[in-house]
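Heads up, the sequence shown is in the working numbering, so the first residue is 198 and it goes up one at a time.
Just so it is clear, CB atoms sit at the ideal spot from N, CA and C, and this is done for glycine as well.
For reference, the structure discussed in these notes is given below.
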Amino acid sequence: MGRITASTVVAAVLAGIPSAIYGPTTAAPAHTLVVTAYEYAFQAPDSLPAGAVTVRLVNRGRRPHQVVIARLDDTSSLDRVMRSLTADKVRTGGVRWVGGVESAIPGESSETILPLTSGRYVLLCSYDGDNGLAHVSLGMIRPLVVTRGAPATVRSLPAAQTTIELSDYHLGISSPLHGGKQLVRIVNVGEHRHHLIIARIVGDATTDDIMRWDGKSEPAPVQGMSGGAAAMDPGQASVIEMDLKPGRYALACILSNGGGSKLHYLLGMHDEIVVK
Ligand SMILES: [Cu+2]
């Protein structure tokens, strides 16, 4: 996930003031997985039935957090995967990243709807802390068992007005986003892992200002907000509810393919939208 540079930027982006809130979804899957985040652990149930599941991240901490969900391959050892991920090894083998809530800023909650098939999963936060230690290494990792339940495919997701396709390396937005609440489908049609972060653009800042920003200088050209879609492997999809106020927003994927390769937004995976 190109974590070191990427999450430094994310943390900086998320340090801003909330500008939009993701409310409860209007389409209601049968099950909701409530994940509460604080420094540095998650509270969540140990298991839930398969199906299209609403994942709600509630941030009761003082820092921004995320919950990204990985499904273990049937032959993977939970012990090995947990140890590898806790050691901050983004490229841990034997797991498939299915998405999650990219960010919830302190005091807020945010939701995403994911198709979760039965199997073993791990929940984690891949952000870096101020001390250089990843939140996952500080304890923000937790196993989850999904038991047999309803079918869980991309088709079990609720309908959405707008689709955002994540491809290598482009964001394809099917129709304009508008003010207020709306369901948005996020789908990875590429061959690499992607995610989607959303930030409100401050004042007259330009895309160039954002691209040049070091992630910490003030005034920041963007301010963080809750929401977005956490890392998804190719073929994964989720539905998020966005509640947008008028203004300009920056959308981007800041993952990389590892090995020091460029962050995806530098390869064209970003967009600016205007909400009226
Ligand atoms: Cu990407």
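Check your understanding: From Asp430 to Lys286, what does the alpha carbon distance come to, in whole angstroms?
Key -> Looking up residue 430 in the sequence shown gives position 233. Looking up residue 286 in the sequence shown gives position 89. Straight-line Cα distance between these residues: approximately 16 Å.
Review point. Mapping DSSP to helix, strand and coil, what is His375?
Key: The sequence position of residue 375 within the sequence shown is 178, counting from 1. Residue state, collapsed to three classes: coil.
Check your understanding: Between which two residues does the beta strand (DSSP E) harbouring Ser364 extend?
Key -> As a working mapping, residue 364 is identified with position 167 in the sequence shown. Residues 359 to 364.
Exercise for review: With DSSP collapsed to three states, give me the class of Met466.
Suggested key: By one-based count along the sequence shown, residue 466 stands at place 269. Three-state result, Met466: coil.
Point to revise | Any non-hydrogen atom of ligand 1 within 7 Å of His367 CB | key: Within the sequence shown, numbered from 1, the residue matching residue 367 stands at position 170. It does not: the Cβ of His367 is nowhere closer than 7 Å to a heavy atom of ligand 1.
Review point. Looking at Cys322 and ligand 1, is the gap between the Cβ and the nearest heavy atom below 7 Å?
Key: The count along the sequence shown starts at 1 and reaches residue 322 at position 125. No, Cβ of Cys322 sits at least 7 Å from all heavy atoms of ligand 1.
Exercise for review: Report yes or no: do the stretch 372 to 387 and the stretch 396 to 405 share at least 3 C-beta pairs separated by less than 8 Å?
Suggested key: Taking 8 Å as the limit for Cβ pairs, the verdict is that the stretch 396 to 405 does not touch the stretch 372 to 387.
Exercise for review: Say yes only if the C-beta of Met429 is nearer than 7 Å to one or more non-hydrogen atoms of ligand 1, and no if none qualify.
Suggested key: As a first step, residue 429 must be located in the sequence shown, where it is residue number 232. Shortest gap from the CB of Met429 to any heavy atom of ligand 1: 7 Å or more.
**Study point:** Ala284 versus Asn328 - alpha carbon distance
**Key:** Residue mapping note: residue 284 aligns to position 87 of the sequence shown, counting from 1. Residue mapping note: residue 328 aligns to position 131 of the sequence shown, counting from 1. Between Ala284 and Asn328, the C-alpha separation is close to 15 Å.
Review point. Between the C-alpha atoms of Gly290 and Asp440, what's the straight-line distance to the nearest angstrom?
Key: On the sequence shown, position 93 is the one that residue 290 refers to. On the sequence shown, position 243 is the one that residue 440 refers to. For Gly290 and Asp440, the distance between alpha carbons rounds to 36 Å.
Point to revise | Given Ala249 as reference, the closest of Leu269, His228, Val264 once Cα atoms are compared | key: If you number the sequence shown from 1, residue 249 lands on position 52. Comparing Cα-Cα distances from Ala249 to each of Leu269, His228, Val264, the minimum goes to His228.
**Study point:** Any non-hydrogen atom of ligand 1 within 7 Å of Met466 CB
**Key:** Here residue 466 refers to the residue found at position 269 when the sequence shown is read from its first residue. Flag set: Cβ of Met466 near ligand 1.
Check your understanding: Under a Cβ-count criterion, where at least 16 other Cβ atoms within 10 Å of its own Cβ denotes burial, should Val342 be classed as buried or exposed?
Key -> Reading the sequence shown from its first residue, position 145 is the one you call residue 342. Exposed, since its Cβ has fewer than 16 Cβ neighbours within 10 Å.
**Study point:** Exposure of Arg339, with buried meaning 16 or more beta-carbon neighbours within 10 Å
**Key:** Start at 1 with the first residue of the sequence shown, and residue 339 comes out as number 142. Classification for Arg339: buried.
Practice item. Out of Asn454, Pro246, Val231, Ile470, point me to the one whose CA is closest to Arg345's CA. Key: Counted from its first residue, the sequence shown places residue 345 at position 148. Ranking Asn454, Pro246, Val231, Ile470 by Cα distance to Arg345 puts Pro246 first.
Exercise for review: Would you grab the beta carbon distance between Val436 and Arg352 for me? Rounded to a whole angstrom, and I think it's under 8 Å.
Suggested key: On the sequence shown, residue 436 is found 239 positions in, with the first residue counted as 1. On the sequence shown, residue 352 is found 155 positions in, with the first residue counted as 1. Contact flag wrong, Cβ pair sits at about 12 Å.
**Study point:** Whole-number beta carbon distance between His262 and Ala238, since they are thought to touch under 8 Å
**Key:** Position 41 of the sequence shown, counted from the start, is the residue given in the question as residue 238. Position 65 of the sequence shown, counted from the start, is the residue given in the question as residue 262. Actually they are not in contact, since the Cβ atoms of Ala238 and His262 sit about 10 Å apart, beyond 8 Å.
Review point. Can you tell me whether Arg253 is buried or exposed, with buried defined as 16 or more other CB within 10 angstroms of its CB?
Key: On the sequence shown, position 56 is the one that residue 253 refers to. Result: buried.
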